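S.K.: Counting from 1, position 71 in the sequence shown corresponds to residue 53 in my numbering; the numbering is continuous, with no gaps.
Even glycine gets a Cβ: it sits at the ideal position worked out from N, Cα and C.
Bear in mind the structure is a predicted one, so any value in this text is a computation, not a measurement.
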Amino acid sequence: MTEPNELKVEALLDIINSSARKAMAEYKNTGHGVPGVDAGTFHPLDFATDTLALRKAIRLLEGACEQLNTILAPPQRTVNNFVHNYNWACIDVAVQSRIADVLDKHPEGLSVDVLADAVNLDKTKIARVLRVLALRGCFKEVKRDVFANTRLSLVLKATNNVGFWIKLQREFPKYAAVLYETMVDQEFARSHKVERAPRAFALGKEGKNDSYWEMDIFHKGMMGYSEMQDSSAVLHHYPWDNVSSVVDVGSGIGAMSIPLAKMFPHLRITNQELPETIKLSRNVSPDIPSRQVVFIFDQTWETNSPELLLDGRVEFVPLNFLEESPVVGKDVYYLRSIIHDWPDEESRVILHNVRKAMGPNSRVLIHECVLSRAFEEPGVGVNESSEDHKALEPTLLNFGSHTTHHSDMTMWFVFNGKERTLKEFKDIGASAGLVLTQTYDLVGTMLLEFRIAQD
-17 MTEPNELKVE ALLDIINSSA RKAMAEYKNT GHGVPGVDAG TFHPLDFATD
33 TLALRKAIRL LEGACEQLNT ILAPPQRTVN NFVHNYNWAC IDVAVQSRIA
83 DVLDKHPEGL SVDVLADAVN LDKTKIARVL RVLALRGCFK EVKRDVFANT
133 RLSLVLKATN NVGFWIKLQR EFPKYAAVLY ETMVDQEFAR SHKVERAPRA
183 FALGKEGKND SYWEMDIFHK GMMGYSEMQD SSAVLHHYPW DNVSSVVDVG
233 SGIGAMSIPL AKMFPHLRIT NQELPETIKL SRNVSPDIPS RQVVFIFDQT
283 WETNSPELLL DGRVEFVPLN FLEESPVVGK DVYYLRSIIH DWPDEESRVI
333 LHNVRKAMGP NSRVLIHECV LSRAFEEPGV GVNESSEDHK ALEPTLLNFG
383 SHTTHHSDMT MWFVFNGKER TLKEFKDIGA SAGLVLTQTY DLVGTMLLEF
433 RIAQD
């Protein structure tokens, strides 16, 4: 008789096999086949705005593979792998020195001597960095000391928004390194205020204030984050045809509202963002009036999508969502990656201010990561009849993926914010007079629809 643990391993092997085949089918359906690990060009599916089926297969594949390794590998090896990982440092070198941009001009490959001269770095050290990344399919050594781009390394080019997201994260290890100190420090240990985040602690030790990073990099980084999370899936899996007006609350430079306006020309879209943020992101003097700031912010749209501004269905209205409400009476108030930036108290204020602007049929869409926990309260979910969003046995919570929990840690390090469970979202919604009515599993993130609670 096969013992239980062996049965779990066999089940994981079945999941790996079936999910890999589903992923292969998605690639083959494009007519371009399955990409190679050392491919030097992007696959057409890499730019598709709706890859939900592929991402669901990969979610299972990644989680089952990692869980299988954890079961079968000696625990010492697994724990060492947790901490002995410097891919992030090598990626940072590649992004900062624009290696992918240089290699893009030499698809056949470039010798490390010439590459080192081009980026003004030591050739031996560059080779060591590239060989670490090549082990994961990011860059390739086509022959001894000659390197070329791959599909993965092309993502690191300066023209790609993902590179800006990587630049945003280069300081995060420094904040992570003081985590335990903040948990025992008298001022920081039991505080959930933004100004008591590990980031503030780390900067304080260096004698720096808690000023934020360059806002131009920040907003482009948010565009990169949107691409990595495949946030555009919301364009295909929410019934926008039944919506007339949308307010993008905390819209940044239009990561979501620009594609939304392009795909649904019937929508009237209001972008609302801090005037100070808009000024900083466009390198505008703080003395410029808000009316002019809106015009300058408008230039981002004129550069990327000028046709969307011609018919007057897109507007830009400054907003501080902690102090005031968005424009009144619109169909949808959309908040992407907003609530997780803030502790509970501020999150409740934001949703309360949105609630005050809503009409009787308005909806709030919160687009965030959602955490699963082993002992979540029964009946907390919405769409309980759907099994699609639940991890298969015997994979672990969140399909064995640690991405959402790592995002939770990032929010803690930087803002004292957090990712939340479905129950936590329901609770903060209820505090603002909102009730959760629908959920959409978009893999990595979920779209949560709230409406006004009926008395």
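On a Cα-Cα basis, can you pick out the residue from Leu136, Met204 and Asp313 that is closest to Phe146?
M.R.: For Phe146, the nearest C-alpha among the options comes from Met204.
S.K.: Helix, strand or coil: how does DSSP classify Ile108 here?
M.R.: helix
S.K.: Which value, in whole angstroms, describes the spacing of the CA atoms of Trp283 and Lys202?
M.R.: Each residue's Cα considered, the two are about 14 Å apart.
S.K.: Counting only runs that start and end within the stretch 164 to 200, where is the alpha helix (DSSP H) found for 4 or more residues in a row?
M.R.: 180 to 187
S.K.: Give the C-beta separation of Gly415 and Asp323 to the nearest angstrom, bearing in mind that I take them to be a contact with Cβ-Cβ under 8 Å.
M.R.: Not a contact, Cβ separation roughly 22 Å.
S.K.: Identify, in the order they occur along the chain, each residue of the same chain with its Cβ nearer than 6 Å to the Cβ of Lys338, setting aside the five sequence neighbours on each side.
M.R.: Ser307
S.K.: Would you say the stretch 132 to 146 touches the stretch 155 to 173, given that touching needs at least three Cβ pairs under 8 Å?
M.R.: no
S.K.: Nearest to Arg438 by CA position, among Leu353, Glu(-8), Leu43 and Pro(-14), is which residue?
M.R.: For the chain, the structure presents residues -17 to 437; residue 438 sits outside this window and is missing.
S.K.: Return the first residue and the last residue of the beta strand (DSSP E) that Glu(-8) is part of.
M.R.: Element bounds for Glu(-8): not the beta strand (DSSP E) but the alpha helix (DSSP H), Pro(-14) to Lys10.
S.K.: Rounded to a whole number of angstroms, what is the C-alpha to C-alpha distance between Ala435 and Val417?
M.R.: 5 Å
S.K.: So, does the stretch 243 to 254 touch the stretch 210 to 226, judging by three or more C-beta pairs under 8 Å?
M.R.: yes
S.K.: List, from N- to C-terminal side, the alpha helix (DSSP H) runs of 4 residues or more that fit wholly inside the stretch 277 to 336.
M.R.: none
S.K.: Compute the beta-carbon to beta-carbon distance between Val114 and Cys72, rounded to the nearest angstrom, for a pair I have assumed lies under 8 Å.
M.R.: 5 Å
S.K.: Using three-state DSSP, classify His101 as helix, strand or coil.
M.R.: First, the amino acid is wrong: residue 101 is Val here, not His. Three-state DSSP puts Val101 in a helix.
S.K.: Looking at Ala100: is its Cβ nearer than 8 Å to the Cβ of Val84?
M.R.: It is a contact, given that the beta carbons lie within the stated cut-off.
S.K.: From what residue to what residue does the alpha helix (DSSP H) around His218 run?
M.R.: Ala215 to His219
S.K.: Report, in whole angstroms, the separation of the C-beta atoms of Ser344 and Tyr315, which I expect to be a contact under 8 Å.
M.R.: 7 Å
S.K.: Would Gly232 and Glu209 be called neighbours here (beta carbons separated by less than 8 Å)?
M.R.: no
S.K.: I'd like to confirm the pairing. Which residues does DSSP put opposite Lys125 in its beta bridges?
M.R.: Val128, per the DSSP bridge assignment.
S.K.: Between Asp127 and Leu117, what straight-line distance do the alpha-carbon atoms span, to the nearest angstrom?
M.R.: 15 Å
S.K.: If I'm right that Ala46 touches Ile(-3) with Cβ under 8 Å, what's the distance once you round it to whole angstroms?
M.R.: 4 Å
S.K.: What is the rounded straight-line gap between the Cα of Leu150 and the Cα of Glu123?
M.R.: One Cα belongs to Leu150, the other to Glu123, and the distance between them is close to 28 Å.
S.K.: Within 10 Å of its beta-carbon, does Gln58 have 16 or more other beta-carbons around it, so buried, or fewer, so exposed?
M.R.: Gln58 comes out exposed.
S.K.: If you run the structure through DSSP and keep just helix, strand and coil, what is His88?
M.R.: Of the three classes helix, strand and coil, the one that applies to His88 here is coil, per DSSP.
S.K.: Grab the span of the alpha helix (DSSP H) containing His388 for me, first residue to last.
M.R.: Per DSSP, His388 belongs to the alpha helix (DSSP H) from Thr385 to Phe397.
S.K.: As a quick exercise: from Gly294, Asp293, Val309 and Leu292, pick the residue whose alpha carbon is nearest that of Pro300.
M.R.: Nearest to Pro300 by C-alpha distance, out of Gly294, Asp293, Val309 and Leu292, is Val309.
S.K.: Give me the DSSP bridge partner(s) of Ile348.
M.R.: DSSP output for Ile348 lists Leu317 and Leu430 as bridge partner(s).
S.K.: Taking a contact to mean a Cβ-Cβ separation below 8 Å, would you say Ile240 touches Asn286 in this structure?
M.R.: yes
S.K.: Give a yes or no on whether the minimum CB-CB distance between Gln168 and chain C is below 8 Å.
M.R.: This model lacks chain C altogether, as it is built from one protein chain only.
S.K.: Between the Cα of Gln78 and the Cα atoms of Thr33, Leu138, Phe395 and Asp313, which residue gives the shortest distance?
M.R.: Leu138
S.K.: Measure the C-alpha to C-alpha separation of Thr403 and Ser173 and round it to an integer number of angstroms.
M.R.: 21 Å
S.K.: According to DSSP, simplified to helix, strand and coil, what is Arg273?
M.R.: Residue placement at Arg273 is flagged as unreliable, the pLDDT there being 39, under the threshold of 50; the coordinate-derived value follows with that caveat. Note: Arg273 maps to helix in three-state DSSP.
S.K.: Less than 8 Å between the beta carbons of Val228 and Ile251, yes or no?
M.R.: yes
S.K.: Please say whether Leu430 and Phe397 have beta carbons closer to each other than 8 Å?
M.R.: no
S.K.: Compare the C-alpha of Val425 against each of Ser319, Thr385 and Gly411 and name the closest.
M.R.: Closest option to Val425, Cα to Cα, is Thr385.
S.K.: Which same chain residues end up closer than 7 Å to Gln274 when comparing Cβ atoms and leaving out the 5 residues on each side of it in sequence?
M.R.: Here Gln274 scores only 39 on pLDDT, less than 50, and its place in the model should not be relied on; the value that follows carries that caveat. If we look at Gln274 and ignore the five residues flanking it on each side, it has no Cβ neighbours.
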